[in-house]
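Which chain is which? The protein sequence lines are A and U, in order. Under the numbering used here, the first residue of the first sequence carries the number 93, and numbering increases by one thereafter. Under the numbering used here, the first residue of the second sequence carries the number 155, and numbering increases by one thereafter.
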Amino acid sequence: MPTVLLPRSLVSLFPGAPRRCEVEAASVADAIDRLDDVSPGMRNRLLDAGPSIRRHINVYVDGIPASLATPLGPDSVVHIIPAVSGG
Amino acid sequence: MTRSLLLVGTSKGAFVFDGDGARKTWSLRGPLCEGWPIHDLQWDPSTRSIYAGGGSAWYGPAVFKSDDLGETWNHSSEGLTYGDDGPKIPTVWNVTPAHGSIFAGVEPAGLFRSDDGGATWRHVEGLREHPSRPGWQPGAGGLICHTIVPHPTDPQRMWIAISAVGTFATEDGGTTWEARNRGVVDCNSPDPHPETGQCVHKLVMAAGQPDRFYQQNHCGVYRSTDGGHQWEDISKGLVSEFGFAMGAHPRDPATSWVIPLSHPEEGRTAPGGALGVWRTRDGGDSWERHGDGLPQKNAFVGVFREAMAVDRSDPVGIFFGTSTGTLYGSVDEGESWSVVAANLPPIWGVEAVALD
């Protein structure tokens, strides 16, 4: 199963949520939906209207910038990282 | 009263100050809400919950809720959206409990309500269906619904304020809205009396008189005695027509407070570097300045729209925070002041709670 790595500032909003987890998902969008199943509301923190990945959130699959449609393989590693921006 | 709370929203998180009944000694907890920018915190006396509205540059808008006086928080923005094809909502500017529901004012300007204690939200679509909406333009702070004033007993009636657009009222629970800006000057328009476009900064209701309002506007301070249908300029006697914050006395409908700031194109700070709170005891016919305990020179600070609060004690306590992170308090209805805390982040919102 793909592995997802989450930032501390995100998991701190969801008590008990792990920084690293494995999800059954075929795409980045699927993976975020699975995260939301475990931590309701997490999808809203990562996605804006559209849906689109929030402007200051970067998602990488195996080190390469990704979109919601990016496919995941069984060994994919998804990094979700806050951008170096904000207030 | 044996315990007081000050709820403070800043650009870098929320803070809760615990005070004794005398409101003289305070201890700080925070930053809370994970350090998110928090525009507004409100206390719901019916559930003893604290609500905090804000938005993260990374994680979007949310309303936080605490049921244990700020010790633990949860958050939600479920339903806080104009839909996948609508404009994106970066932040919440106001949260207001009323009649068992919670209302949220957001940017870009719109109103949402929650009927389950903030867990889920739904758009009050009627406001953005107002015919003037295509002409709404943002002010310096954005196109923001920053003030929500519910009627104290009638859940069908509510007033809201949008910067650079004006005041609106509903009398049918939010289905339809009416602009209520007559008499308010738009000093940034060739037409000084448009239906909308007036830059209301804060709207407060007079105690016990739900048709009597005071308004701090970009272009003056105003009074209405008919639910906002008609407004009258009451700026005369103030050092400046411009300011953001305004507070109303909890029992005396003729008493309110403002903090005038320098001209909007000339800094928006304490005029002449002297920080003062101005009080009227006669509904705005006259004003008196109080600066005892406040810095009277070289204080080039601002006070934002939600950053002044009035508690329900007797005598009334008033608290306000500055753009430079100092929190001031008065326990004699604004006549003398002292520092509650300094070196906070820029203060955006203050709420004062007198616990039984």
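Backbone N, C-alpha and C define an ideal beta-carbon position, used for all residues, glycine too.
Think of a sphere of 9 angstroms around the beta carbon of E188 of chain U: the chain A residues whose beta carbon falls inside it are S101, S104 and L105, in chain order. Boundaries of the alpha helix (DSSP H) harbouring D129 of chain A: V120 to V130, taken from the DSSP string. Within 9 angstroms of the CB of I124 of chain A, no CB atom of chain U is found; the nearest one sits about 13 angstroms away.
T235, Y236, G237, D238, G240 and K242: these are the residues of the segment 235-248 of chain U whose beta carbon lies less than 7 angstroms from some beta carbon of chain A, given in chain order. Boundaries of the alpha helix (DSSP H) harbouring N136 of chain A: M134 to L138, taken from the DSSP string. Chain A has no Cβ within less than 8 angstroms of the Cβ of H193 of chain U. Taking 8 angstroms as the cut-off, the beta carbon of L186 of chain U is found closer than this to the beta carbon of A168 of chain U. Three or more Cβ pairs closer than 8 angstroms define a contact, and the segment 415-423 of chain U falls short of that threshold against the segment 444-452 of chain U. Assignment of R422 of chain U by DSSP, reduced to helix, strand and coil, places it in the coil class. Exclusion of the five residues before and after D221 of chain U leaves S203 as the residues of its chain whose Cβ lies within less than 6 angstroms of its Cβ. Residue-level contact by beta carbon fails for S119 of chain A and chain U, as no gap is shorter than 8 angstroms. Put simply, the CB of P94 of chain A is far from chain U, with every gap to its CB atoms at 8 angstroms or more. Its Cα nearest to that of P262 of chain U, the residue U:L234 stands out among U:W275, U:L234, U:A273 and U:G173. A direct Cα-to-Cα measurement between T245 of chain U and L448 of chain U gives close to 32 angstroms.
Cβ-Cβ distances below 6 angstroms link K451 of chain U to G427 in the same chain, with the five nearest sequence neighbours on each side left out; the list follows chain order. Among the bridge pairs identified by DSSP, C353 of chain U is matched with none. When only Cα atoms are considered, V470 of chain U and P404 of chain U end up about 8 angstroms apart.
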